[in-house]
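As structure tokens, the structure follows; a few thoughts come after it.
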Amino acid sequence: MPRALVFAFVVGAVVQAEADRPPTPQLTIEYVAPVKPGVSGAPADHVARMRVLIDMLDRQLQLHHPLTIAFVECGDANAYYRSSRSRVEVCHELWDKRRALYTHTGNGREAVDRRLRSSMTFTMFHEIGHALHDQLKLPLLGSHEDAVDDIATLWMIRLGVGEAARHAAYGHNLRAKQPHYAHDPWDEHGTGAQRGFAIACVLYGSDPERYFGVFEDMNIPAPYVGRCREEYPDRLRAWQTLLGPHLR
Ligand SMILES: [Zn+2]
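My numbering applies: residue 700 is where the sequence shown begins, and numbers increase by one.
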């Protein structure tokens, strides 16, 4: 979905979201402007868009405890779910690090902005996936990081922002191609290329026509792409089994 359409969809949906939201929001957004010299972080309009998405999520999901999504300085370029504080933190430093990566690889300003916003949206949903696993005691098999990537991608498709996940797949793949990219075997995450492929695979499986070009730049042989279409119904059923009891 083009960015303008994504935003229009999101803004249109907020009217209904306001009507259906729980009386006390379970999900709230917090933004603390960066103060360290040289740190820019998330722009205010991105945070406003995330507020709309979070409102949509809030009216669909029944959590056990309130959860705060905070856009803050952390001291490092990362994102976290803090279980003890029931809080997701999307660090301003991560925003800056990714902007530098996308700019460095020769993207135009508009493409950098679109990809950056999209990948940071995915990161927020990834951390929310960790929060759901923790709060709702979701039984997960295999790597938790892989599982929450799937949970995040499927939530984004459900909320109409699958295109943002598509750019996140691109970003993971791009990161893995950098000259000094390294991946420790004990890293709880898959490699950038593996994470990018996994996200793209879920998107393609959900709608092969719409996401036909999602494997661009990944050099994936056709038989492996076909597998994504076969696996998608299982992934969706697993997501529905895990989260169905917690949907409003
Ligand atoms: Zn994670």
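Glycine included, every Cβ here is placed at the ideal spot set by N, Cα and C.
Closer than 7 angstroms by C-beta to residue i: which residues in its own chain qualify, once you throw out the five before and the five after it? Chain order, please.
i       : result
Leu-726 : Ile-753, Leu-756, Asp-757, Leu-766 and Ile-768
Lys-796 : Ala-776
Cys-927 : Cys-900, Tyr-903 and Gly-904
Would you tell me roughly how many angstroms separate the C-alpha atoms of residue i and residue j, rounded to the nearest one?
i       : j       : result
Val-705 : Val-860 : With a pLDDT of only 43 at Val-705, under the threshold of 50, the placement of this residue in the model should not be trusted, and no figure is reported.
Gln-759 : Cys-900 : 25 angstroms
Ala-851 : His-829 : 9 angstroms
Leu-839 : Leu-902 : 21 angstroms
Ala-667 : Ala-897 : Only positions 700 to 947 of the chain appear in this structure, which leaves residue 667 out of reach.
Val-709 : Met-749 : For Val-709, the predicted model reports a pLDDT of 43, less than 50, meaning its position is unreliable; a value from the coordinates is still stated below. Using only the alpha carbons, I get a separation of about 10 angstroms.
Gly-943 : Arg-784 : 25 angstroms
Pro-932 : Gly-737 : 46 angstroms
Met-819 : Asn-806 : 17 angstroms
His-763 : Arg-947 : 13 angstroms
For residue i, tell me which candidate among the options has the shortest Cα-Cα distance.
i       : options                               : result
Cys-773 : Ala-747, Met-749 and Ala-732          : Ala-732
Leu-837 : Gly-870, Ile-728 and Ala-937          : Ala-937
Arg-798 : Ile-898, Asp-833 and Ala-741          : Ala-741
Gly-870 : Gln-939, Asp-906, Arg-857 and Met-917 : Met-917
Thr-802 : Arg-909, Val-751, Gln-877 and Arg-857 : Gln-877
Whole-angstrom Cβ separation of residue i and residue j, contact assumed at under 8 angstroms?
i       : j       : result
His-957 : Arg-814 : Outside the displayed span of the chain (700 to 947) sits residue 957, for which this structure offers no information.
Gln-761 : His-945 : 5 angstroms
Ala-892 : Ala-864 : About 16 angstroms; that fails the 8 angstroms criterion.
Val-924 : Ala-868 : In fact, because the Cβ distance is near 13 angstroms, the residues do not count as touching under 8 angstroms.
Phe-821 : Met-855 : 7 angstroms
Within the same chain, show all residues whose beta-carbon is closer than 6 angstroms to that of residue i, passing over the 5 residues directly before and after it, in chain order.
i       : result
Pro-724 : Asp-757
His-879 : none
Tyr-780 : Val-787, Glu-826, His-829 and Ala-830
Ile-919 : none
Leaving out five residues on either side along the sequence, give the residues of the same chain with a beta carbon under 8 angstroms from the beta carbon of residue i.
i       : result
Glu-930 : Cys-900 and Gly-904
Met-746 : Before going further, note that residue 746 is Val rather than Met in the sequence given. If we look at Val-746 and ignore the five residues flanking it on each side, its Cβ neighbours are Ile-728, Tyr-730 and Phe-770.
His-843 : His-829, His-832 and Glu-887
Do residue i and residue j have their C-beta atoms within less than 8 angstroms of each other?
i       : j       : result
Ala-778 : Leu-793 : yes
Leu-873 : Leu-935 : no
Val-771 : Cys-790 : yes
Asp-848 : Arg-894 : yes
Verify the contact flag: residue i, CB atom, against every heavy atom of ligand 3, threshold strictly below 7 angstroms.
i       : result
Val-746 : For ligand 3, the structure offers nothing, since it holds only ligand 1.
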